[in-house]
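S.K.: Residue numbers (my numbering), protein chains in the order written: chain A, 17 to 240; chain B, 17 to 240.
C-beta atoms are modelled at their ideal positions from N, C-alpha and C, and glycine is treated no differently.
Because the structure is a prediction, the values reported are computed rather than measured.
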DNA sequence: ATTGTGATGATTGTCGACAATTGACTCGTA
DNA sequence: TACGAGTCAATTGTCGACAATCATCACAAT
């Protein structure tokens, strides 16, 4: 999850910086990525920048028009609906498997993560709460023990972050955000499969509806 | 699904050729991909080859060791188990959504696809049947209407093909392969959700067990 | 025989440059 | 004023070259 060592290769480093710029909103959707400008900014030549851009394209953060270059991908309401719908399938599947594999230790970790959400609700920034929120769900996916599944989750998480950045509004009540994770934890503790899947489904669906509605509003021309 | 025009850009073209070489087995798992050799083979310079290799890395077909280059990814039994396990979650989710959206026309297309499988069982090559088998399941995913989900399926399909290539043995009774799709179709026609998910789950699990067992055998040192 | 060491060849990572193409801009004309 | 053709700057796609690094191999020492 976190950078292993500071000495990663140049392409990865560049890709990470561009990703940060996108998910934090410094690079707006639709913004053009000119290779020369980026290479100057990073103090490298164009080659590593191109490769980094290709990497980000495969992750769905940027799109490339042949002969025109790379642009920050503009996520639509339809995109977000698909992403969250897929996430439902993915995360419920992960939870179903995880339920069989989790011991008290793993569940305790999730509980601590929720505590962290509460703490950030009181004292932290919105961005850090969003980040830790994703960590919670990633831990759930990790508990499935399926590396391939985790990889897909990470890709979805990146896209969701890229989309959500525009939207601090969703998190107007950070305390409530933390609360909504409780039913998931409760079901896990009980070992109730039906309840777990139901709680997760509800949790994600609520987020989906909020995000999609907001995007539809933006597309309709409300304040960005 | 198929190439839109013959004039795709160079990187895509190279990536496609390397992919073909991998999934057809011409490039064995673990084989080294030297940029110079590939660039000579394609009559280009190294730059497009590098980008194509990066693309394939993001698809999980090749891996890169920094300063050492690219190698054809060696899929393990554990990898295949994860891939098929994820596929179960993905495809069942897709089917659940698809059930609501499919009309007689879409179901008829699936029926024709099964007919094609029978035809290939009688007269076709194993490879073409494998291909059309994947098409059947892709059609099911397409019916979900979720583009993001389809993208993940395509990635999984590529990895499965890369793994399965070694294995013509799994398709020793091609007629039976076609048959195993019938229960899925039957459930769809009935509109029985439970039966559909159950049939799909069984169908994929059977494949998973066969593939994983084969890989475990290979890892144990049986004939490759 | 085995292990450590040094040279050597091959390969990657990165760079700057050139040609091809695109999009915008200007100018002229109806 | 509106529209179209032609020109031009900017950017990408591709290339060959150089330096840094790694693996291999031979050779010597224990």
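Quick check: the Cα distance between residue 200 (chain A) and residue 104 (chain A), rounded to an integer number of angstroms?
M.R.: Position 184 of the first chain, counting from 1, holds the residue named residue 200 (chain A). Position 88 of the first chain, counting from 1, holds the residue named residue 104 (chain A). Distance between the alpha carbons of residue 200 (chain A) and residue 104 (chain A): 14 angstroms.
S.K.: Does residue 111 (chain A) pass the burial test, meaning 16 or more other C-beta atoms within 10 Å, or should it be called exposed?
M.R.: Taking the first chain and counting its residues from 1, one reaches residue 111 (chain A) at position 95. Per the 10 Å Cβ criterion, buried.
S.K.: Decide if residue 188 (chain B) is buried, meaning its Cβ has at least 16 other Cβ atoms within 10 Å, or exposed.
M.R.: As a first step, residue 188 (chain B) must be located in the second chain, where it is residue number 172. By the 10 Å Cβ count, residue 188 (chain B) comes out exposed.
S.K.: If the cut is a Cβ gap below 9 angstroms, which residues of chain A does residue 64 (chain B) touch?
M.R.: To locate residue 64 (chain B), count along the second chain from 1; it is residue 48. Correct list: empty, because the minimum Cβ distance to chain A is about 10 angstroms.
S.K.: Residue 59 (chain B): buried (16+ other C-beta within 10 angstroms of its C-beta) or exposed?
M.R.: Here residue 59 (chain B) corresponds to residue number 43 of the second chain, with the count starting at 1. Exposed is the call here.
S.K.: For residue 77 (chain B), go through chain A and note every residue whose CB falls closer than 7 angstroms to its CB, in chain order.
M.R.: Taking the first residue of the second chain as position 1, residue 77 (chain B) is located at position 61. In chain order: nothing, as chain A lies at least about 12 angstroms away.
S.K.: Short check: CB of residue 31 (chain A) to CB of residue 72 (chain A), under 8 angstroms?
M.R.: As a first step, residue 31 (chain A) is located in the first chain; it is residue number 15 there, counting from the start. As a first step, residue 72 (chain A) is located in the first chain; it is residue number 56 there, counting from the start. Taking 8 angstroms as the Cβ cut-off, residue 31 (chain A) and residue 72 (chain A) qualify as a contacting pair.
S.K.: For residue 52 (chain A), is the classification buried or exposed, using 16 other Cβ atoms within 10 angstroms of its Cβ as the cut-off for buried?
M.R.: What you label residue 52 (chain A) is simply residue 36 of the first chain in a count that begins at 1. Counting Cβ neighbours within 10 Å, residue 52 (chain A) comes out exposed, since fewer than 16 surround it.
S.K.: By DSSP, does residue 161 (chain B) sit in helix, in strand, or in coil?
M.R.: Numbered from 1 along the second chain, position 145 holds the residue referred to as residue 161 (chain B). The answer is coil: DSSP assigns residue 161 (chain B) none of H, G, I, E or B.
S.K.: For the alpha helix (DSSP H) that residue 237 (chain A) lies in, which residues bound it at each end?
M.R.: The residue labelled residue 237 (chain A) in the question sits at position 221 within the first chain. In the DSSP assignment, residue 237 (chain A) falls outside any alpha helix (DSSP H), carrying neither H nor E.
S.K.: Determine whether the Cβ of residue 227 (chain A) lies closer than 8 angstroms to any Cβ atom of chain B.
M.R.: Here residue 227 (chain A) refers to the residue found at position 211 when the first chain is read from its first residue. Answer no: the Cβ-Cβ gap between residue 227 (chain A) and chain B never drops below 8 angstroms.
S.K.: Determine contact between the segment 107 to 121 of chain B and the segment 156 to 166 of chain B, defined as no fewer than three beta-carbon pairs at a distance below 8 angstroms.
M.R.: The segment 107 to 121 of chain B, when compared against the segment 156 to 166 of chain B, does touch it at the 8 angstroms Cβ threshold.
S.K.: Establish whether the CB of residue 219 (chain A) and some CB of chain B are separated by less than 8 angstroms.
M.R.: Translated into the one-based positions of the first chain, residue 219 (chain A) becomes position 203. False, the Cβ-Cβ gap to chain B never drops below 8 angstroms.
S.K.: What would DSSP say about residue 74 (chain B), mapped onto helix, strand or coil?
M.R.: As a position in the second chain, residue 74 (chain B) is number 58, starting the count at 1. Three-state result, residue 74 (chain B): helix.
S.K.: At 8 angstroms on the CB atoms, spell out the chain B contacts of residue 82 (chain A), in chain order.
M.R.: If you number the first chain from 1, residue 82 (chain A) lands on position 66. What residue 82 (chain A) touches in chain B: 25.
S.K.: Which ranges would you report for the alpha helix (DSSP H) in the segment 110 to 158 of chain B if only whole runs of at least 4 residues count?
M.R.: 120 to 139, 142 to 158
S.K.: Compute the distance between the beta-carbons of residue 223 (chain B) and residue 100 (chain B), then report whether it is under 8 angstroms.
M.R.: Translated into the one-based positions of the second chain, residue 223 (chain B) becomes position 207. Translated into the one-based positions of the second chain, residue 100 (chain B) becomes position 84. Taking 8 angstroms as the Cβ cut-off, residue 223 (chain B) and residue 100 (chain B) qualify as a contacting pair.
S.K.: With DSSP collapsed to three states, give me the class of residue 61 (chain B).
M.R.: The residue labelled residue 61 (chain B) in the question sits at position 45 within the second chain. Coil.
S.K.: Among B:75, B:93, B:94, B:69, which residue has its Cα nearest to the Cα of residue 82 (chain B)?
M.R.: Indexing the second chain from 1 puts residue 82 (chain B) at position 66. Nearest option by C-alpha distance: B:69.
S.K.: For residue 220 (chain B) and residue 123 (chain B), I'd like the C-alpha separation in whole angstroms.
M.R.: Counting from 1 along the second chain, the entry for residue 220 (chain B) is found at position 204. Counting from 1 along the second chain, the entry for residue 123 (chain B) is found at position 107. The straight-line gap from Cα to Cα measures roughly 20 angstroms.
S.K.: Does the beta carbon of residue 168 (chain B) sit closer than 8 angstroms to a beta carbon anywhere in chain A?
M.R.: Working through the second chain from its first residue, we reach residue 168 (chain B) at position 152. Chain A, which has a Cβ nearer than 8 angstroms to the Cβ of residue 168 (chain B), makes this yes.
S.K.: Quick one: is residue 105 (chain B) near chain A, going by C-beta distance under 8 angstroms?
M.R.: Against the second chain, residue 105 (chain B) aligns to sequence position 89. Chain A, which has a Cβ nearer than 8 angstroms to the Cβ of residue 105 (chain B), makes this yes.
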